[in-house]
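Student: Positions -24 to -1, 1 to 180 (mature numbering (1 follows the signal peptide of the UniProt record, and there is no 0)) are the ones given, in order, by the sequence shown. Positions of the beta carbon are idealized from the N, C-alpha and C atoms, including for glycine. Here's a structure for you.
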Amino acid sequence: MKRKKFKLLILVTMAVFLMTGCQSIQNWWKNTKEEWIGLDMTVRTFDESSQLIDQMSGKSLSIERNQEFDSYDADGNSKADSGVLKVTIGNYEMDHVGSSLIASEKGLEDLFAKYQKTVDIEEESRDLPMVNRMVSKLKNDFTGKAKVVLIRSQNGTPLATYAGDKVSLYSSDAPKTSELLIDGKRLIIYRCDYTIYDRQLLED
């Protein structure tokens, strides 16, 4: 009887995974991997003008809400509202709050950084037409891409752009933090504005 229940549990679990889709399975696995062994990621922080403040990389990196800064209700229950991020890089830790932060897994390319190397951004208007020009200039990088993620600083200045065939957005337990899965790679966005476009919307 116990064996039948165990088999039934396995079948139900598999069915749930199939119904939620491949991206959800990949996201679950990515979260599990980040929690237990960390991910090979680069963390960058930016000021409100999208200027790089600092950058750190590590093969065993994880980011979570620092629960020590949670507030509590009258019954002593945590409100899970800490705005402080705990970044673990190998055996080292860093707390971060305030400025915009982007953490990208190895293999994700920031197309905006590539664009800045070839175009004088100061001469470009920072609006949707500018994005269209960037997409046109980097057409090969966008070929076949289903989504484009444009990330802006807190004052609306573009600071990073990512694209992928399969882009999914997930919630995070850390306030003002979003997690994306882009072609199987993790992207974490903290205190940034962003828009996720269908690639076709940005094509001429």
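Regarding alanine 89 and the ligand SAH, is the C-beta to nearest heavy atom distance less than 7 Å?
Tutor: In the structure on display, the ligand SAH does not appear, and there are no ligands present to speak of.
Student: How is the beta strand (DSSP E) around glutamate 69 delimited, first residue to last?
Tutor: Looking at the DSSP string, the run of the beta strand (DSSP E) that includes glutamate 69 is 68 to 72.
Student: Hey, how far is the Cα of leucine 61 from the Cα of histidine 72?
Tutor: Approximately 5 Å, taken between the alpha carbons.
Student: Are there 16 or more other CB atoms within 10 angstroms of the CB of leucine 157, so buried, or fewer, so exposed?
Tutor: Leucine 157 comes out buried.
Student: Assuming the contact rule is C-beta atoms closer than 8 Å, phenylalanine 22 and serine 75 should be a hit. Round their C-beta distance to whole Å, please.
Tutor: About 6 Å; that satisfies the 8 Å criterion.
Student: Find the nearest neighbour of glycine 140 within the set Asp86, Ser33 and Lys152, judged by alpha-carbon distance.
Tutor: Of the listed residues, the one whose Cα sits closest to glycine 140 is Asp86.
Student: Rounded to the nearest angstrom, what separates valine 125 and arginine 162 at their Cα positions?
Tutor: Straight-line Cα distance between these residues: approximately 13 Å.
Student: If you draw a straight line from the C-alpha of isoleucine 127 to the C-alpha of cysteine 168, how long is it?
Tutor: About 7 Å.
Student: With DSSP run on the structure shown, which of helix, strand or coil describes glutamate 10?
Tutor: Three-state result, glutamate 10: helix.
Student: If I'm right that glycine 34 touches isoleucine 65 with Cβ under 8 Å, what's the distance once you round it to whole angstroms?
Tutor: Going by Cβ atoms, the distance from glycine 34 to isoleucine 65 rounds to 4 Å, so yes, they are a contact pair.
Student: Going by C-alpha to C-alpha distance, which of Ile172, Pro134, Ala89 and Glu69 sits closest to lysine 142?
Tutor: Measuring from the Cα of lysine 142, the nearest candidate turns out to be Ile172.
Student: Could you tell me the alpha carbon to alpha carbon distance between leucine 177 and glutamine 43, rounded to whole angstroms?
Tutor: Approximately 40 Å, taken between the alpha carbons.
Student: Hey, would you say arginine 20 sits closer than 8 Å to glutamine 31, going by beta carbons?
Tutor: The answer is yes: Cβ separation under 8 Å.
Student: On the DSSP letters alone, give me the boundaries of the beta strand (DSSP E) that glutamine 31 sits inside.
Tutor: Unbroken beta strand (DSSP E) run through glutamine 31: 28 to 41.
Student: Leaving out five residues on either side along the sequence, give the residues of the same chain with a beta carbon under 8 Å from the beta carbon of serine 129.
Tutor: For serine 129, where only same-chain residues beyond five positions count, the Cβ hits under 8 Å are Phe22, Asp23, Glu24, Ser25, Ser26, Ser76, Leu135, Cys168 and Asp169.
Student: State the beta-bridge partners of arginine 20 as determined by DSSP.
Tutor: DSSP, once it has assigned bridges, lists Gln31 and Ile78 as partnering arginine 20.
Student: Which residues does DSSP pair with aspartate 141 in a beta bridge?
Tutor: None; aspartate 141 has no bridge partner.
Student: Based on the DSSP secondary-structure assignment, which residues constitute the bridge partners of isoleucine 127?
Tutor: Isoleucine 127 is bridged to Ala136 and Tyr170.
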